[in-house]
Amino acid sequence: MRISIVGSGYVGTTVAACFAELGHDVINIDIDETVVETINDGEAPIHEEGLSELIAAHTAPNGTGRLRATTDYAAVLDTDMTFLCLPTPQNDDGSIDLSVMEAGASQLGETLADKPDWHTVVVKSTVVPGSTADAITPILERESGKPAGEAFGVGMNPEFLREGTAVHDFLNPDKVVLGADDDRALADMRAVFDPLVEAADAPVVETDTRTAEMIKYANNGFLAAKISLINDIGNICKEFGVDAYEVADVIGLDDRISEQFLQSGVGWGGSCFPKDTRAIISAAEGAGYEPAVLNAAVEVNDRQPERLVGLLADHLADQRDHRVDGAKIAVLGLAFKSGTDDMRNSRAIPVIEDLQARGATVTAYDPVVVDNAPNYVDDVTYADSAAAALDGADGAVVVTDWDEFAALDEEFDAMETAIVVDGRRIIERRDGITYEGLTW
Ligand code: UGA
Numbered sequence: 005m006r007i008s009i010v011g012s013g014y015v016g017t018t019v020a021a022c023f024a025e026l027g028h029d030v031i032n033i034d035i036d037e038t039v040v041e042t043i044n045d046g047e048a049p050i051h052e053e054g055l056s057e058l059i060a061a062h063t064a065p066n067g068t069g070r071l072r073a074t075t076d077y078a079a080v081l082d083t084d085m086t087f088l089c090l091p092t093p094q095n096d097d098g099s100i101d102l103s104v105m106e107a108g109a110s111q112l113g114e115t116l117a118d119k120p121d122w123h124t125v126v127v128k129s130t131v132v133p134g135s136t137a138d139a140i141t142p143i144l145e146r147e148s149g150k151p152a153g154e155a156f157g158v159g160m161n162p163e164f165l166r167e168g169t170a171v172h173d174f175l176n177p178d179k180v181v182l183g184a185d186d187d188r189a190l191a192d193m194r195a196v197f198d199p200l201v202e203a204a205d206a207p208v209v210e211t212d213t214r215t216a217e218m219i220k221y222a223n224n225g226f227l228a229a230k231i232s233l234i235n236d237i238g239n240i241c242k243e244f245g246v247d248a249y250e251v252a253d254v255i256g257l258d259d260r261i262s263e264q265f266l267q268s269g270v271g272w273g274g275s276c277f278p279k280d281t282r283a284i285i286s287a288a289e290g291a292g293y294e295p296a297v298l299n300a301a302v303e304v305n306d307r308q309p310e311r312l313v314g315l316l317a318d319h320l321a322d323q324r325d326h327r328v329d330g331a332k333i334a335v336l337g338l339a340f341k342s343g344t345d346d347m348r349n350s351r352a353i354p355v356i357e358d359l360q361a362r363g364a365t366v367t368a369y370d371p372v373v374v375d376n377a378p379n380y381v382d383d384v385t386y387a388d389s390a391a392a393a394l395d396g397a398d399g400a401v402v403v404t405d406w407d408e409f410a411a412l413d414e415e416f417d418a419m420e421t422a423i424v425v426d427g428r429r430i431i432e433r434r435d436g437i438t439y440e441g442l443t444w
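Quick look at the structure:
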């Protein structure tokens, strides 16, 4: 099929490259000329494992490959379907901000006014239940001057990619969710996903757009709450001198619990869990329901960074009456998880802010996040290695589970006071350091 994809973020670009890999003709539409040029040059505009290889394989000089990019919405006219992969940020009160989606739908609708034949529009962005039917579809109708279900169809297809493994996740889905409010849109969505469903032998769920939207929030909300629950249990374990990781390994043997997402620590971050949990809480409250468990999941997550800094403060107070005030603290890791250069909503941000509020000076090291860190935190010195960050430090906290931190050893000897508080269970306990795990 001929597919246009509006938005070249990590979802849009990954989906475009993977659809090309599955044999479709794909055009990425983005307002950012640099992103468009990068894709047309056969390179990936974002860092994702395996993505640059796919883009290189499917772009060709003069746009003759199965994948190309443009800034021009008119490209939609040469395609059968459009996927909207635009950002859905949050408003200050946590509710979803649909303005970028609405602007995209408006431009797409205007373009569809000139399309004589049927077209299917699929919302892929994470949007609260009802957004596709009640906000996006009316804009498409208004701008195209045509009725949905007759001149064009609308569907919703949530995405479950993780950053860092996005290409692998797309090509090996545990489910494909096709939400549509009319049969023709559903048939188009089936056709586009057929090669993937066959290759990956993935279960397909066909439903309406509202349910498809909710499935995405339920998926992310459940996972975020699972981590918060294991963090809550981990905090209890810590009070009783029990290792939460040993407990998690055993309860993970129960199929009903499963071993995944049971790593307790400093909590969840990134561009999705924090935003999505708040958006669905806000939408639920707007509809008159107070989601107690999701609210508690956010509360536990907000508390973990404070607990990490609190443990460090206790050790500093114990050892030679050090205080956090005036101490030099090394922060190991800035990315919201290992394998990505993304610092959005990283737990490193509240950890650093808390340390600074208590009067510490912070030297941070991350193997990947460097240049964009000042967009998220102020007054931080950036070291070019973990060893340099630890050198002369009065204490260290570990915020990201980068493998290279596991290999640290004599680097701790260069610390002024070798206190290490680990928020990710990545450092081994060893002689010569005061080691404290957040939940073990
Ligand atoms: C998440 C979901 O896992 C994807 O399915 C979803 O498509 C995506 O959001 C999205 O909505 O776009 P992602 O944000 O890339 O993906 O990150 P995850 O790998 O899920 O990790 C989220 C956070 O949870 C990270 O900060 C990680 O360190 C933390 N985490 C994860 C834990 O603290 N413990 C665990 O056991 C697992």
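Be aware that the sequence shown starts at 5, since it is given in this note's numbering, and climbs by one per residue. Glycine residues also receive a C-beta, built at the ideal position from the N, C-alpha and C atoms. A quick note: this is a predicted structure, and the numbers were derived from the prediction, not measured.
Sequence-distant residues of its chain with Cβ nearer than 7 Å to Thr63 (five each side left out): Ile43, Asn44, Gly46, Gly69, Leu71 and Arg72
Contact under 8 Å by Cβ, Leu182 with Phe174: no
Where Met85 falls: helix, strand or coil (DSSP): When secondary structure is reduced to three states using DSSP, Met85 falls in the strand class.
Rounded Cβ spacing between Asn349 and Gly273 (contact assumed at less than 8 Å): 4 Å
Glu37 beta carbon near the ligand UGA (any heavy atom closer than 7 Å): Shortest gap from the CB of Glu37 to any heavy atom of the ligand UGA: 7 Å or more.
Trp272 Cβ short of 7 Å to the ligand UGA heavy atom set: yes
Beta-carbon gap between Gly427 and Leu312 smaller than 8 Å: Pairing Gly427 with Leu312 gives a Cβ-Cβ distance under 8 Å.
Close Cβ partners of Glu263 (< 6 Å) along its chain, the five nearest in sequence each way excluded: Correct list, in chain order: Gly256.
Three-way DSSP call (helix, strand, coil) for Glu420 in this model: coil
Any beta strand (DSSP E) of 3 or more consecutive residues that is wholly inside the stretch 139-176: 156-160
8 Å Cβ cutoff met for Ser148 and Gly113: Judged by beta-carbon spacing, Gly113 lies within the 8 Å limit of Ser148, meaning their Cβ atoms are closer than that value.
Asn224 versus Asp258, Val158 and Thr130, residue with shortest Cα-Cα distance: Thr130
Arg188: first and last residue of the uninterrupted alpha helix (DSSP H) it sits in: Counting along the chain, the unbroken alpha helix (DSSP H) around Arg188 starts and ends at Asp187 to Ala204.
Contact check, Val196 vs Met85, beta carbons under 8 Å: Against a cut-off of 8 Å, the Cβ pair of Met85 and Val196 comes out as a contact.
Cross-strand partners of Ala184 (DSSP beta bridge): Gly159
Cβ-heavy atom distance, Cys89 to the ligand UGA, below 7 Å: False, no ligand heavy atom lies under 7 Å from that Cβ.
Three-way DSSP call (helix, strand, coil) for Tyr293 in this model: coil
Every unbroken alpha helix (DSSP H) within the stretch 361-410, with a cutoff of 4 residues, ordered by chain: 390-394
For Thr130, three-class secondary structure by DSSP: coil
Cα-Cα separation between Gly314 and Gly363, rounded to whole angstroms: 13 Å
Rounded C-alpha distance that separates Ile33 from Pro49: 13 Å
Sheet register partners of His2 (DSSP bridge): Nothing can be reported for residue 2, as the shown portion of the chain is limited to 5 through 444.
Inter-residue spacing [alpha-carbon to alpha-carbon] between Leu394 and Leu316: 15 Å
Same chain only: Cβ atoms within 7 Å of Ala331, ignoring 5 sequence neighbours per side: Leu320, Ala364, Asp398 and Gly399
C-alpha gap between Val355 and Asp407, whole angstroms: 20 Å
Whether Thr83 touches Ile7 by CB criterion (8 Å): Result yes, Cβ atoms of Thr83 and Ile7 sit closer than 8 Å.
Validate contact between the stretch 192-208 and the stretch 369-381 using beta carbons, cut 8 Å, 3 pairs: no
Beta-carbon contacts of Lys341 that lie in its chain and below 8 Å, excluding the five residues immediately before and after: Glu167, Gly168, Gly273, Gly274, Thr404 and Asp405
Close beta carbons around Gly11, own chain, < 6 Å, minus the five adjacent residues each side: Cys89 and Leu90
Touch test, the stretch 291-311 against the stretch 229-241, Cβ-Cβ under 8 Å, three pairs minimum: Output reads yes: the stretch 229-241 touches the stretch 291-311.
Spatial distance of Val132 from Lys220 (CA atoms): 9 Å
Short CB-CB distance (under 8 Å) between Glu310 and chain C: No chain C appears in this structure, which consists of one protein chain only.
Distance, Asp97 Cα to Lys279 Cα: 11 Å
Ser275 Cβ short of 7 Å to the ligand UGA heavy atom set: At least one heavy atom of the ligand UGA is nearer than 7 Å to the Cβ of Ser275, so yes.
Selection from Gly343, Asp346 and Val366 that minimises the alpha carbon distance to Asp329: When only C-alpha atoms are compared, the closest one is Val366.
Residue nearest to Tyr77 in terms of C-alpha spacing, selected from Ala107, Gly54 and Leu102: For Tyr77, the nearest C-alpha among the options comes from Ala107.
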